[in-house]
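Taking it in order: structure first as structure tokens, then the write-up.
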Amino acid sequence: MSCKTAVFGATGLVGREIVNLLEEREFPVSDLYLYASESSAGEKMSFSGEDITIKALKPENVENCDIYLSSMPGEVSQQIIPEIKEKNSGVIIDNSSSFRMDRDVPLVVPEVNGEVLDENEDLIANPNCSTIQLVMVLKPLLDEFGLKRVLVSTYQSASGSGAEAVSALKKESRARLQNGDFKAEYYDNPIAFNLLPAIDYFHEDGFSNEEIKMRRESRKILEKEEIEINCTCVRVPVEYGHAESVYLELEEKARAEMVSDLLDQALGVKVLDEPEAGVYPQPLDTENTDDVLVGRIRNDRDRSRGIHLYIAANNIRKGAALNAVQIAEKINSGK
Ligand code: 2RA
């Protein structure tokens, strides 16, 4: 079915990628409406050879559409999405964290739990980027061996914070290389030549909100509240692509070769695991693939059910825009 489609936050890194993907994947758009903040209203963006004028995102401006792909800051989504939902028909796919943990809002990664979607949805949440790439790898292992415990350290690129953070990374890097002296341009501390173990705000127990999101969202998507998932999330001086170092404790004994064979067959996952030949997942590789890359798969030296592995994925595409467009495709194919 061809769809009247809207993109909210069309000028951001994720919004732009959504527009690219709608064209690249030939999503059956009958009309496309683009919305962004007041300051971008009137600008034009190209889609399928046509220039589309961006409108200010206000509920009264929003056309009635079949699908709305939304990528706006949490505070804006929180305020505006209920109003748009009230006033318009169609399905909203929201990339913010505002509604992800609401009981009646499905949180979806199509390859993992696409079956939770039904034709009555009006709001679907797109998970956090670091959650998406993690559950893409956890799900096949959960189904085959069971999962008891997951410990993750992330290496998250600056683009996860948006275009301004990428510019800050470049500016700080240039300043450091040219004068040796530089100051923080975006985060509390410099990101160039540095690592920041602080993503989002901190909860009372010392975990950052990004770490809590990964735990809660993964459990919701996998429908397994009992899996122990704890994370340390780190911002790294990389432009695009998030990586994760993961330790898993399975319910059943499995060897690294079995894990590798299983992941190699999983939809949307690609095993890159010849470390001696320099073949392992890297953020730079994720610029050219939509697969979640996994490698360094190895047995724990002490625990017979313990497996270590390393994941990298494109945080803007599979971690955000692509996952949202895949949800739209799934919704549309069910109509
Ligand atoms: C980050 N998880 O990388 C965020 C992006 N949504 O900061």
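So the sequence shown is residues 1 to 335, counted in the UniProt record's numbering.
All residues carry an ideal CB built from backbone N, CA and C; glycine is no exception.
Q) For the ligand 2RA, any of its heavy atoms closer than 8 Å to the Cβ of Q78? A) Here residue 78 is taken as the residue at index 78 of the sequence shown, counted from 1. No - the ligand 2RA has no heavy atom lying nearer than 8 Å to the Cβ of Q78.
Q) Based on the DSSP output, what are the partners of Y247 in its beta bridges? A) Sequence index remark: in the sequence shown, residue 247 carries index 247 (1-based). For Y247, which the question treats as bridged, DSSP gives the partners L151, H308.
Q: Could you have a look at L123 and say whether DSSP puts it in helix, strand or coil?
A: Locating residue 123 in the sequence shown gives position 123, where the first residue counts as 1. Of the three classes helix, strand and coil, the one that applies to L123 here is strand, per DSSP.
Q) Any idea which residues DSSP pairs Y201 with across the strands? A) In the sequence shown, the residue the question calls residue 201 occupies position 201. Answer is none; Y201 lacks a bridge partner.
(Q) Let's see if you can read the secondary structure: which residues bound the beta strand (DSSP E) around L322? (A) By one-based count along the sequence shown, residue 322 stands at place 322. Unbroken run through L322 is the alpha helix (DSSP H), 322 to 333; no beta strand (DSSP E).
Q) What separation, rounded to the nearest whole angstrom, lies between the Cα atoms of P106 and C65? A) The residue you call residue 106 lines up with position 106 of the sequence shown. The residue you call residue 65 lines up with position 65 of the sequence shown. P106 and C65: Cα-Cα distance of roughly 20 Å.
Q. Apart from the five residues on each side of it in sequence, which residues of its chain come closer than 7 Å, Cβ to Cβ, to G114?
A. In the sequence shown, residue 114 corresponds to position 114, counting from 1. So the list reads V108, K330, once near-sequence residues are dropped.
Q.
Taking the straight line between their C-alpha atoms, what separation do you get for E17 and D290?
A. For the purposes of this step, residue 17 is identified with residue 17 of the sequence shown, where counting begins at 1. For the purposes of this step, residue 290 is identified with residue 290 of the sequence shown, where counting begins at 1. If you take the alpha carbons of E17 and D290, they lie about 13 Å apart.
Q) Between the beta-carbon of residue 354 and the beta-carbon of I124, is there less than 9 Å? A) With the chain covering 1 to 335 only, the question about residue 354 has no answer from this structure.
Q: Report the three-state DSSP secondary structure of S77 (helix, strand or coil).
A: On the sequence shown, residue 77 is found 77 positions in, with the first residue counted as 1. In the structure shown, S77 sits in a helix (DSSP, three-state: H, G or I).
Q. Is there contact between the region 309 to 319 and the region 242 to 257, where contact requires at least three CB pairs shorter than 8 Å?
A. yes
Q | First and last residue of the uninterrupted alpha helix (DSSP H) at N113 | A | Position 113 of the sequence shown, counted from the start, is the residue given in the question as residue 113. Per DSSP, N113 belongs to the alpha helix (DSSP H) from 110 to 113.
Q. For the ligand 2RA, any of its heavy atoms closer than 8 Å to the Cβ of S157?
A. Here residue 157 refers to the residue found at position 157 when the sequence shown is read from its first residue. Checking every heavy atom of the ligand 2RA against the Cβ of S157, one is found closer than 8 Å.
Q: Quick one: which unbroken beta strand (DSSP E) runs of 3-plus residues sit fully inside the UniProt domain "Semialdehyde dehydrogenase NAD-binding" (4 to 120)? Chain order, please.
A: 29 to 36, 44 to 47, 50 to 53, 67 to 70, 91 to 94
Q) Looking at the structure shown, is T232 part of a helix, part of a strand, or coil, going by DSSP? A) Start at 1 with the first residue of the sequence shown, and residue 232 comes out as number 232. Residue state, collapsed to three classes: strand.
Q: Could you check which residue in E251, G146, E204, L141 has the C-alpha nearest to that of V269?
A: Reading the sequence shown from its first residue, position 269 is the one you call residue 269. For the residues E251, G146, E204, L141, the minimum Cα distance to V269 belongs to L141.
Q | First and last residue of the uninterrupted beta strand (DSSP E) at R174 | A | As a working note, residue 174 is residue 174 in the sequence shown. Note, R174: premise wrong, no beta strand (DSSP E); alpha helix (DSSP H) at 163 to 179.
Q.
Determine whether the beta carbon atoms of N95 and Y68 lie at a separation below 9 Å.
A. Sequence index remark: in the sequence shown, residue 95 carries index 95 (1-based). Sequence index remark: in the sequence shown, residue 68 carries index 68 (1-based). No.
**Q.** Alpha carbon of G162 to alpha carbon of I199, nearest angstrom
**A.** Along the sequence shown, read from residue 1 onward, the residue named residue 162 stands at position 162. Along the sequence shown, read from residue 1 onward, the residue named residue 199 stands at position 199. Whole-angstrom Cα-Cα distance: 13 Å.
Q: Grab me the residues of K213's own chain with a C-beta within less than 7 Å of its C-beta, minus the 5 sequence neighbours each way, in chain order.
A: As a working mapping, residue 213 is identified with position 213 in the sequence shown. Counting only Cβ-Cβ distances below 7 Å, and skipping sequence neighbours, we find S97, N128, T131.
Q. Quick one, are the C-beta atoms of G9 and Y33 less than 9 Å apart?
A. Start at 1 with the first residue of the sequence shown, and residue 9 comes out as number 9. Start at 1 with the first residue of the sequence shown, and residue 33 comes out as number 33. Against a cut-off of 9 Å, the Cβ pair of Y33 and G9 comes out as no contact.
**Q.** Burial state of V279, where buried means 16 or more other Cβ atoms lie within 10 Å
**A.** As a working mapping, residue 279 is identified with position 279 in the sequence shown. Exposed: under 16 other Cβ atoms inside 10 Å.
(Q) I need the DSSP call for V238, collapsed to helix, strand or coil. (A) Indexing the sequence shown from 1 puts residue 238 at position 238. Coil.
(Q) Please determine whether the Cβ atom of E119 lies at a distance below 8 Å from any heavy atom of the ligand 2RA. (A) Taking the sequence shown and counting its residues from 1, one reaches residue 119 at position 119. Because no heavy atom of the ligand 2RA lies under 8 Å away, the Cβ of E119 does not count as near it: no.
Q: Could you round the C-beta distance between V292 and I311 to whole angstroms and report it? I think they count as a contact, below 8 Å.
A: Residue numbering aside, residue 292 sits at position 292 when the sequence shown is read from its first letter. Residue numbering aside, residue 311 sits at position 311 when the sequence shown is read from its first letter. About 6 Å separates the two Cβ atoms, so the contact holds.
Q. For V135 versus S260, is the C-beta distance shorter than 9 Å?
A. The count along the sequence shown starts at 1 and reaches residue 135 at position 135. The count along the sequence shown starts at 1 and reaches residue 260 at position 260. Cβ distance not < 9 Å, so V135 and S260 don't count as in contact.
Q: Have a look at V152 and I80 and give me their C-alpha separation to the nearest angstrom.
A: On the sequence shown, position 152 is the one that residue 152 refers to. On the sequence shown, position 80 is the one that residue 80 refers to. Distance between the alpha carbons of V152 and I80 is about 34 Å.
Q | G295 versus E276: straight-line alpha-carbon distance, rounded | A | Position 295 of the sequence shown holds residue 295. Position 276 of the sequence shown holds residue 276. Each residue's Cα considered, the two are about 12 Å apart.
Q) Regarding A328 and the ligand 2RA, is the C-beta to nearest heavy atom distance less than 8 Å? A) Along the sequence shown, read from residue 1 onward, the residue named residue 328 stands at position 328. Not so, every heavy atom of the ligand 2RA lies at least 8 Å from the Cβ.
Q. According to DSSP, what are the bridge partners of Q133?
A. In the sequence shown, the residue the question calls residue 133 occupies position 133. Answer by DSSP bridge pairing: none, since Q133 is not bridged.
(Q) Is the separation between the beta-carbon of Y186 and that of A158 shorter than 9 Å? (A) What you label residue 186 is simply residue 186 of the sequence shown in a count that begins at 1. What you label residue 158 is simply residue 158 of the sequence shown in a count that begins at 1. Yes, Cβ-Cβ distance for Y186 and A158 is below 9 Å.
Q: Please confirm whether any heavy atom of the ligand 2RA lies closer than 8 Å to the CB of N128.
A: The residue labelled residue 128 in the question sits at position 128 within the sequence shown. Answer for N128: yes, Cβ within range of the ligand 2RA.
Q: Given a cut-off of 9 Å, decide if E63 and E54 are closer than it, judged by their beta-carbon atoms.
A: On the sequence shown, residue 54 is found 54 positions in, with the first residue counted as 1. On the sequence shown, residue 63 is found 63 positions in, with the first residue counted as 1. Sequence check: residue 54 is Ile here, not Glu. Not closer than 9 Å, so no.
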